[in-house]
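One structure is given below, encoded as structure tokens.
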Amino acid sequence: FDKKRAIRLFKRWLSYNAYYLSREKQYKNIKPLIICEELLEYEIYDYKFFCFNGQPDFVQVDIDRFSNHKRAFFDMEWQQQPFSIRYAISEKKIPPPSQLAEMKAIAAQLSKGLVFSRIDLYVHHGQVYFGEITLIPGGGNEPFVPMEYDLIVGDKLKLDSCIS
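FYI, this note's numbering numbers position 59 of the sequence shown as 52, with every residue one higher than the one before it.
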């Protein structure tokens, strides 16, 4: 562990405002902080639940994120979907996590009251871990592959539910 390098890196992160990357308003006035937590093995899947009006609808699984990044999308019955976002569709067989029911319940609870959110979860040694809640994945700038799924998935947004 290179402590001096880590301090330089932390200082750079603390001076960065994520708002300026893609103008996501929710980041503009947040004071940056560093949170240190237990390192989980890199060979775990990153399950990203796309939730609409508090209900998980599909899950993105990232594969080989640090080498040959690909993605697979599944519905809530773990049927692979014929689209991806930004990265190529993975052909790798990905079994459903044994904690899928628990993960869906966590995603529903965390997304309650939100028109849209992406709830990121991990499974490590049989235990579910929380990653983050994302309101605008990829800053809203990552294309769907094939392109027609941009409209198909976009139609799941029910904006009238957030208008009083």
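We put the beta carbon where it would ideally sit given N, CA and C, even for glycine.
Which class does residue i belong to by DSSP, given the choice of helix, strand or coil?
i: A65; result: strand
i: P89; result: coil
i: P49; result: strand
i: I23; result: coil
i: F3; result: helix
i: D216; result: Any question about residue 216 goes unanswered here, given that the chain covers just -6 to 157.
i: D55; result: strand
Excluding five sequence neighbours on each side, which residues of the same chain lie with their C-beta closer than 6 Å to the C-beta of residue i?
i: F3; result: I27
i: I78; result: E135 and F137
i: I87; result: V54 and A65
So, for residue i: in the same chain, excluding its five sequence neighbours on each side, which residues have a beta-carbon less than 7 Å away from its beta-carbon?
i: L14; result: G132
i: S83; result: I56, K63, R64 and A65
Going by Cα to Cα distance, which pick from the options is closest to residue i?
i: G119; options: M96, V108 and A101; result: M96
i: T127; options: Y38, A(-1) and A11; result: A11
i: L150; options: N22, F109, L33 and R58; result: F109
i: I99; options: F59, P25, Q73 and V116; result: V116
Let me check one thing: in DSSP terms, what residues is residue i bridge-paired to?
i: Y115; result: D39 and Y122
i: S77; result: V138
i: S60; result: Paired residues: none, contrary to the question.
When you compare the CB positions of residue i and residue j, do they come within less than 8 Å of one another, or not?
i: L93; j: F42; result: no
i: F51; j: D39; result: no
So, does the CB of residue i fall closer than 8 Å to a CB anywhere in chain D?
i: F123; result: Among the protein chains of the structure shown there is no chain D, as only one such chain exists.
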